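Q: The structure follows.
Protein chains: 2
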Amino acid sequence: MACAQSSCDCDVGSSEMERLRAESRKYTFSPDFTWDGVRVERYKSENGGWSGISRMILAGYSEKVAFHLRYFEVAPGGYSSLEKHVHSHVVVGVRGKGRVIVGEECWDVGFMDVIYISPGTPHQLVNAGPEPFGFLCLVDAERDRPSPLTSEEIERLRRNPAICRIIQSGLGEPAG
Amino acid sequence: MACAQSSCDCDVGSSEMERLRAESRKYTFSPDFTWDGVRVERYKSENGGWSGISRMILAGYSEKVAFHLRYFEVAPGGYSSLEKHVHSHVVVGVRGKGRVIVGEECWDVGFMDVIYISPGTPHQLVNAGPEPFGFLCLVDAERDRPSPLTSEEIERLRRNPAICRIIQSGLGEPAG
Chain E
23 MACAQSSCDC
33 DVGSSEMERL
43 RAESRKYTFS
53 PDFTWDGVRV
63 ERYKSENGGW
73 SGISRMILAG
83 YSEKVAFHLR
93 YFEVAPGGYS
103 SLEKHVHSHV
113 VVGVRGKGRV
123 IVGEECWDVG
133 FMDVIYISPG
143 TPHQLVNAGP
153 EPFGFLCLVD
163 AERDRPSPLT
173 SEEIERLRRN
183 PAICRIIQSG
193 LGEPAG
Chain Z
23 MACAQSSCDC
33 DVGSSEMERL
43 RAESRKYTFS
53 PDFTWDGVRV
63 ERYKSENGGW
73 SGISRMILAG
83 YSEKVAFHLR
93 YFEVAPGGYS
103 SLEKHVHSHV
113 VVGVRGKGRV
123 IVGEECWDVG
133 FMDVIYISPG
143 TPHQLVNAGP
153 EPFGFLCLVD
163 AERDRPSPLT
173 SEEIERLRRN
183 PAICRIIQSG
193 LGEPAG
């Protein structure tokens, strides 16, 4: 599945929709952080926008709900797109240790920490440890596509020392 | 907060709405399965409809999302309402071991198992171990109120041996 815009928002094809049934069901979890019957979508880095990310769709693409539940995993050294959009994110830490840039702030994300990213807020999730960093990400089913930040927005974030240390902007070398 | 109908669906008062801000924020998790800044709502059993349940609202009651994310915890021996409704549930196991009745089926719920309960399907979550059974429960923000099952529906479920062993119907003694 190719997706040029973002690490977390791609169209799902019709065959994928068929695979996912709208009947009651259980996806059984495995200790390697996969789910029986759920395909692992491995992303390739494009244009430096993100790195080392996989996605699993756990609910919402065919089920009768107004939201999508996805599990993302970021490899050591990896990061999600630095982006903004009108829709909100709810992120729940599940595996490993991460950091999240949320506007002008930067927070640790550990097991079961719950992050709310409000509309329009620039954000990026970064693996902050030696293990994979996995998190649940909840979004509205109906949502806008993410937009990259402008160079001016990125430069403003880079002037914040806490953010500068972890930001991965795809503009030149990572800071720090 | 009183709620006579169900173990998982109560109105949230205006003061609760004020407490929850719609700005980006982090709820930090504690190893005792509480979140800094999130109130634990402890339910009392009413009419045998449910037992030993607490709820924490993690997202959606004031945030700009189309869903609600809640953490429920069922004490050893406890169970949720046996109910049905038009809206769907997505349940993610987080702590301990549970079992869920979903229509005519009964599934184990362990760590990170993902259960989808489709519209209209009778369901009940039961603690199946000696530790607290905790799970994330996702629902649409706009949803109908749960309804109890009819006596006829309960009796039909009781005729299923796998369900009969765990069902808690509030009609006489628990089976098994």
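As you go down the protein sequences, you meet chains E and Z in turn. The first sequence begins at 23 in the working numbering and counts up by one. The second sequence begins at 23 in the working numbering and counts up by one. Glycine included, every Cβ here is placed at the ideal spot set by N, Cα and C. Since this is a predicted model, take the numbers as computed values, not measurements.
1. Compare the Cα-Cα distances from Z:Val47 to each of E:Glu175, E:Val113, E:Gly118 and report the closest residue.
2. Would a check of beta-carbon distances place E:Met134 closer than 7 Å to chain Z?
3. Unbroken alpha helix (DSSP H) runs of length 4 or more, entirely within the segment 66-129 of chain E: which are they?
4. Can the beta-carbon of Z:Phe157 be found less than 7 Å from the beta-carbon of Z:Gly115?
5. How many whole angstroms separate the CB atoms of E:Leu160 and Z:Leu179, which I take to be in contact at a CB cut-off of 8 Å?
6. List, in order along the chain, the chain E residues whose C-beta lies closer than 8 Å to that of Z:Ser140?
7. Tell me, to the nearest whole angstrom, how far the beta carbon of Z:Gly118 is from that of Z:Pro168; I am working on the premise that it is less than 8 Å.
8. Where Z:Val60 and E:Val122 are concerned, what is the direct C-alpha to C-alpha distance, given to the nearest angstrom?
9. Starting from Z:Ile137, trace the alpha helix (DSSP H) in both directions and tell me its first and last residue.
10. Would Z:Trp129 count as contacting chain E if we go by Cβ distances under 7 Å?
11. Measure from the C-beta of E:Thr56 to each C-beta in chain Z and report whether the shortest distance is under 7 Å.
12. Going by the beta-carbon positions, is the gap between E:Leu147 and E:Ser102 smaller than 7 Å?
13. Distance, Cα to Cα, E:Glu126 vs E:Asn182?
14. What three-state label does DSSP hand Z:Leu171 in the structure shown?
15. Among E:Ser52, E:Thr56, E:Gly100, which has the Cα closest to the Cα of E:Tyr65?
16. State buried or exposed for E:Gln190, treating a residue as buried only when at least 16 other CB atoms are found within 10 Å of its CB.
17. Within 7 Å (strictly less), CB to CB, does E:Ser73 reach chain Z?
18. Would you mind reading off the limits of the beta strand (DSSP E) that contains Z:Val161?
19. Just to confirm, is the Cβ distance from E:Val62 to E:Met78 under 7 Å?
20. Taking only the alpha-carbon atoms, compute the straight-line gap between E:Val131 and Z:Lys106 and give it to the nearest angstrom.
21. Mapping the DSSP letters down to three states, classify Z:Arg47 as helix, strand or coil.
22. Should E:Val108 be labelled buried (16 or more other beta-carbon atoms within 10 Å of its own) or exposed?
23. Between the alpha carbons of E:His145 and Z:Val136, how many angstroms are there, rounded?
A: Reading off the structure:
1. Just to set this straight, residue 47 of chain Z is Arg in the shown sequence, not Val. Looking at the Cα atoms, E:Val113 is the closest of the given residues.
2. Yes, contact with chain Z.
3. With a minimum length of 4 residues, no continuous alpha helix (DSSP H) run stays inside the segment 66-129 of chain E.
4. Closer than 7 Å, so yes.
5. In this structure E:Leu160 is not in contact with Z:Leu179, their Cβ atoms being roughly 31 Å apart against a cut-off of 8 Å.
6. Taking a Cβ-Cβ threshold of 8 Å, the residues of chain E close to Z:Ser140 are Ala44, Glu45, Ser46, Glu85, Lys86, in chain order.
7. So it is not a contact: roughly 23 Å between Cβ atoms.
8. Their Cα atoms are separated by approximately 21 Å.
9. Note, Z:Ile137: premise wrong, no alpha helix (DSSP H); beta strand (DSSP E) at 136-139.
10. Yes, contact with chain E.
11. Not closer than 7 Å to any Cβ of chain Z, the Cβ of E:Thr56 fails to qualify, so no.
12. Cβ atoms of E:Leu147 and E:Ser102: closer than 7 Å.
13. About 7 Å.
14. In the structure shown, Z:Leu171 falls within a coil segment according to DSSP collapsed to helix, strand and coil.
15. E:Tyr65 has its Cα closest to that of E:Gly100, out of E:Ser52, E:Thr56, E:Gly100.
16. Buried, by the Cβ-count rule.
17. By this cut-off, E:Ser73 is not an interface position.
18. Segment 155-162, the beta strand (DSSP E) holding Z:Val161.
19. Yes. Within cutoff.
20. Looking at the backbone, the Cα of E:Val131 and that of Z:Lys106 are separated by about 35 Å.
21. Looking at Z:Arg47 - three-state DSSP - the assignment turns out to be strand.
22. The residue in question, E:Val108, is exposed, as its Cβ has fewer than 16 Cβ neighbours within 10 Å.
23. When rounded, the distance between both Cα atoms is 27 Å.
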